[in-house]
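Numbering (this note's numbering), first residue to last: 154 to 622.
And the structure:
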């Protein structure tokens with residue numbers, strides 16, 4: 154592959170500076186004490202940032218990580234043909250990567266037995282590094298070009314921290330260690346592919362920059378052919394596009410399916426009056442879909458509504474769907490609109506007053522002495538009041554207050570003080586072996602309390618008619 158007039162537009166590194174530049178790259182790529190110290194620090198920071206889902210901490214690890222130098226050294230060695238530099242850079246990169254993975258796995262394993270971090274669900278920062286795509290390759294290519302060019306121009310050295318952030322190398326290695334510690338080979342495999350993509354692409358980009366800036370494997374740059382190592386790096390990048398494209402297609406397909414399921418569930422839950430979807434868990438097994446819904450409502454859903462919801466979702470997705478609905482009962486309260494007590498009418502018998510008693514006194518005069526008739530009276534009718542809501546007095550032993558529940562066992566809507574008078578409604582239910590009664594307090598709040606804590610008293614007026622003597 155011949156290069157024609159491409160390098161003529163790019164400023165070359167002066168010959169007197171090339172030896173110094175190569176020496177500086179060789180020293181920075183050497184696996185010395187400073188290199189491994191920074192690997193330990195950056196790996197620890199990146200691992201803790203990933204498991205705590207902290208982007209700021211992860212960025213700090215990117216700035217400290219020393220892995221960019223050996224990768225740049227590999228690119229330089231592949232262009233100028235220095236086998237000792239290539240061997241030294243490969244050793245530094247390999248040992249640093251293995252050490253970072255092992256340290257990350259150790260830190261994660263220790264955190265499994267500590268109460269600070271829960272691994273029931275992977276943080277988003279970890280998940281985002283398990284699905285590499287061709288976009289990651291493009292980012293690594295641009296970052297490698299920027300890093301190599303900044304190293305050849307001392308006045309552009311201020312751009313190196315930004316390049317280190319863009320071409321993240323340590324977070325994928327830490328993600329591999331986390332995946333191994335958790336036994337998640339899918340996590341470790343995806344992060345490994347991301348790291349390999351970044352490393353090979355950055356090495357190729359740096360080699361390309363060094364070649365274009367006049368660093369040739371031959372004297373005075375007489376030969377204008379691309380080095381074989383550079384062509385081989387380009388071939389590796391093309392090979393990497395195959396798995397990256399495959400994972401990208403799988404990821405897009407999965408995201409599209411999840412979006413379709415979410416849209417269908419949200420749409421059909423919205424058709425239920427006074428219902429709101431709080432949480433949705435989706436598990437796909439083959440062609441079937443298992444949905445776990447959490448719905449907030451102020452009116453409990455019935456079986457027919459759940460069946461209708463399932464039928465609508467199946468019609469939208471055209472796939473077998475099983476659903477489980479968890480209901481969260483909630484009532485909206487407005488401080489400006491106090492709740493009003495609702496009395497439930499019941500069928501009662503009403504006593505009626507019978508006919509009024511009649512008194513008869515008829516004197517009879519005869520010529521003979523007779524017994525004087527006595528006064529008699531008929532049966533006396535008794536008036537009984539109609540059973541309605543009665544009065545009660547709340548009494549608590551030994552607690553000073555009693556809670557008012559929205560429904561038996563439900564949320565607390567108010568408190569009753571000792572000996573407070575309440576209105577007891579004619580509604581009783583049994584919940585957890587206790588009889589509960591519905592009451593309305595003096596602030597017009599309605600709710601339920603255990604009947605055992607309420608002293609019920611009912612006034613029953615009785616009217617009795619007695620005849621006069």
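Note that the Cβ used here is the ideal one computed from N, Cα and C, for glycine as well.
Bounding residues of the beta strand (DSSP E) (the contiguous stretch that carries residue i)
i: residue 480; result: 474-482
i: residue 584; result: 574-584
i: residue 603; result: 599-603
i: residue 368; result: First-last for residue 368: undefined, no H or E at that position.
i: residue 429; result: 428-438
i: residue 556; result: 554-558
Residue interval of the alpha helix (DSSP H) (run including residue i)
i: residue 207; result: Unbroken run through residue 207: none, as it is neither H nor E.
i: residue 467; result: 456-470
i: residue 301; result: 287-305
i: residue 244; result: 236-264
i: residue 280; result: 277-280
i: residue 570; result: Here residue 570 belongs to no alpha helix (DSSP H); instead the beta strand (DSSP E) covers 565-570.
i: residue 590; result: Segment 587-593 is the beta strand (DSSP E) holding residue 590; no alpha helix (DSSP H) there.
i: residue 223; result: 221-233
i: residue 169; result: 168-181
Counted within 10 angstroms of its Cβ, other Cβ atoms place residue i as buried (16 or more) or exposed
i: residue 278; result: buried
i: residue 237; result: exposed
i: residue 241; result: buried
i: residue 340; result: buried
i: residue 268; result: exposed
i: residue 609; result: exposed
i: residue 421; result: buried
i: residue 577; result: buried
i: residue 291; result: exposed
i: residue 302; result: buried
i: residue 296; result: buried
i: residue 364; result: buried
i: residue 338; result: exposed
i: residue 460; result: exposed
i: residue 152; result: Past the boundaries of the shown model lies residue 152; the chain is included only from 154 to 622, so the question cannot be answered.
i: residue 392; result: exposed
i: residue 254; result: buried
i: residue 385; result: exposed
Per DSSP, cross-strand counterpart(s) of residue i
i: residue 337; result: Note: residue 337 sits in no beta bridge, so no partner.
i: residue 445; result: 434, 477
i: residue 409; result: According to DSSP, which records beta bridges pairwise, residue 409 is partnered with nothing at all.
i: residue 283; result: Answer is none; residue 283 lacks a bridge partner.
i: residue 351; result: Per DSSP, none; premise fails for residue 351.
i: residue 450; result: 428, 482
Whole-Å CB distance - residue i paired with residue j, under 8 Å assumed
i: residue 448; j: residue 417; result: Rounded, the Cβ-Cβ distance is 15 Å, inconsistent with contact.
i: residue 108; j: residue 442; result: Outside the shown range of the chain, which is 154 to 622, sits residue 108, and nothing can be said about it.
i: residue 165; j: residue 367; result: 3 Å
i: residue 246; j: residue 224; result: 6 Å
i: residue 293; j: residue 206; result: Rounded, the Cβ-Cβ distance is 24 Å, inconsistent with contact.
i: residue 647; j: residue 230; result: With the chain covering 154 to 622 only, the question about residue 647 has no answer from this structure.
i: residue 590; j: residue 602; result: 7 Å
i: residue 588; j: residue 569; result: The pair is not a contact, with the Cβ atoms about 17 Å apart (cut-off 8 Å).
i: residue 353; j: residue 389; result: 5 Å
i: residue 458; j: residue 414; result: Contact flag wrong, Cβ pair sits at about 20 Å.
i: residue 454; j: residue 476; result: Contact flag wrong, Cβ pair sits at about 12 Å.
Touching by the beta-carbon criterion (3+ pairs, under 8 Å), the stretch 189-199 and the stretch 320-334: yes
Inter-stretch contact at 8 Å, needing at least 3 Cβ pairs: the stretch 179-188 / the stretch 203-215: no
Inter-stretch contact at 8 Å, needing at least 3 Cβ pairs: the stretch 432-444 / the stretch 383-399: no
The stretch 260-275 / the stretch 355-365 touching (three or more Cβ pairs under 8 Å): no
The stretch 269-285 / the stretch 170-187 touching (three or more Cβ pairs under 8 Å): no
Any 3 or more C-beta pairs closer than 8 Å across the stretch 405-414 and the stretch 424-432: no
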